[in-house]
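>
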Amino acid sequence: MDLPIAPASASEVRAVIRFSTAKGLSAVKIHRELVSVYGDNVMSIQMGRRLRVDFLGGRANVRDEPRSGRSSTATEGEPFEHVRSLIDANGRLTLDDIFMKLPPHIEISRNSVANILSDKLGYTKVCARWVPRLLTEQHKQNRVEAASKFMELLESEGESL
Numbered sequence: 001m002d003l004p005i006a007p008a009s010a011s012e013v014r015a016v017i018r019f020s021t022a023k024g025l026s027a028v029k030i031h032r033e034l035v036s037v038y039g040d041n042v043m044s045i046q047m048g049r050r051l052r053v054d055f056l057g058g059r060a061n062v063r064d065e066p067r068s069g070r071s072s073t074a075t076e077g078e079p080f081e082h083v084r085s086l087i088d089a090n091g092r093l094t095l096d097d098i099f100m101k102l103p104p105h106i107e108i109s110r111n112s113v114a115n116i117l118s119d120k121l122g123y124t125k126v127c128a129r130w131v132p133r134l135l136t137e138q139h140k141q142n143r144v145e146a147a148s149k150f151m152e153l154l155e156s157e158g159e160s161l
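All residue numbers for the sequence shown refer to full-length UniProt numbering, where the first residue is 1 and numbers rise by one.
#1: Taking all protein chains shown into account, do 16 or more other C-beta atoms lie within 10 angstroms of the C-beta of L34, making it buried, or fewer, making it exposed?
#2: Hey, quick one: how far does the beta strand (DSSP E) through R14 stretch, first residue to last?
#3: Verify whether the separation of the beta carbon atoms of V62 and R133 is less than 7 Å.
#4: Who does V131 pair with in a DSSP beta bridge?
#5: Output the distance between the C-alpha atoms of S11 and F150, rounded to the nearest integer angstrom.
#6: Quick check on this structure: which residue in L117, A8, D88 and A89 has the alpha carbon closest to the alpha carbon of E76?
#7: Within its chain, find whatever has a CB closer than 7 Å to the CB of S20; leave out the 5 residues flanking it on each side and keep chain order.
#8: I'd like to know whether the C-beta atoms of V83 and M43 end up nearer to each other than 7 Å.
#9: Do R50 and residue 162 have their beta-carbon atoms positioned less than 7 Å apart in this structure?
#10: Leaving out five residues on either side along the sequence, give the residues of the same chain with a beta carbon under 8 Å from the beta carbon of residue 162.
#11: What number of angstroms, rounded off, separates the C-alpha of A60 from the C-alpha of L135?
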């Protein structure tokens with residue numbers, strides 16, 4: 001079945017729920033309308049009910065509201081600098097060693113340390129040592145071209161190569 005509109009952003013769906021709530025539609029009717037337009041995976045009926053109650057209670061914003069919990073800055077700033085300095089000093093440290101050597105006032109998870117190493121710093125573990133990934137797109141293209149030349153040479157020369 002082709003859907004009239006797919007996919008939908010969360011803000012768009014919340015705007016439809018807000019509009020339908022203002023029209024006086026029930027949560028079930030709103031959900032049916034959403035599913036008919038956006039498909040089965042649009043939003044659960046429970047979430048639709050929750051948003052409908054919020055809009056009836058005076059919520060006017062259809063954007064995501066701030067959530068509690070650890071901020072995304074766990075892998076930036078001071079934690080980032082400490083992890084980088086530890087790796088620069090000794091590239092043979094394990095992930096657990098780095099995690100344990102962080103000062104007590106830096107409260108980040110082991111997973112955040114791993115994210116800093118791999119995603120932010122671009123390091124990978126090779127032979128028990130953290131090394132930067134320096135392979136660029138040009139290097140990759142050169143490898144493909146060289147492999148193609150070797151394949152052509154193998155096909156033309158055969159087993160005598």
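From the three backbone atoms N, C-alpha and C, an ideal C-beta is built for every residue, glycine too.
According to the structure data:
#1: buried
#2: Following the DSSP letters along the chain, one finds R14 in no beta strand (DSSP E) but inside the alpha helix (DSSP H) bounded by residues A10 to K23.
#3: Result no, Cβ atoms of V62 and R133 do not sit closer than 7 Å.
#4: T124
#5: 53 Å
#6: Nearest C-alpha to E76 among L117, A8, D88 and A89: L117.
#7: I30 and E33
#8: No.
#9: Residue 162 is absent from the structure shown; the chain starts at 1 and stops at 161.
#10: Residue coverage of the chain in this structure runs from 1 to 161, which leaves residue 162 outside it and unanswerable.
#11: If you draw a straight line from the Cα of A60 to the Cα of L135, it comes to about 49 Å.
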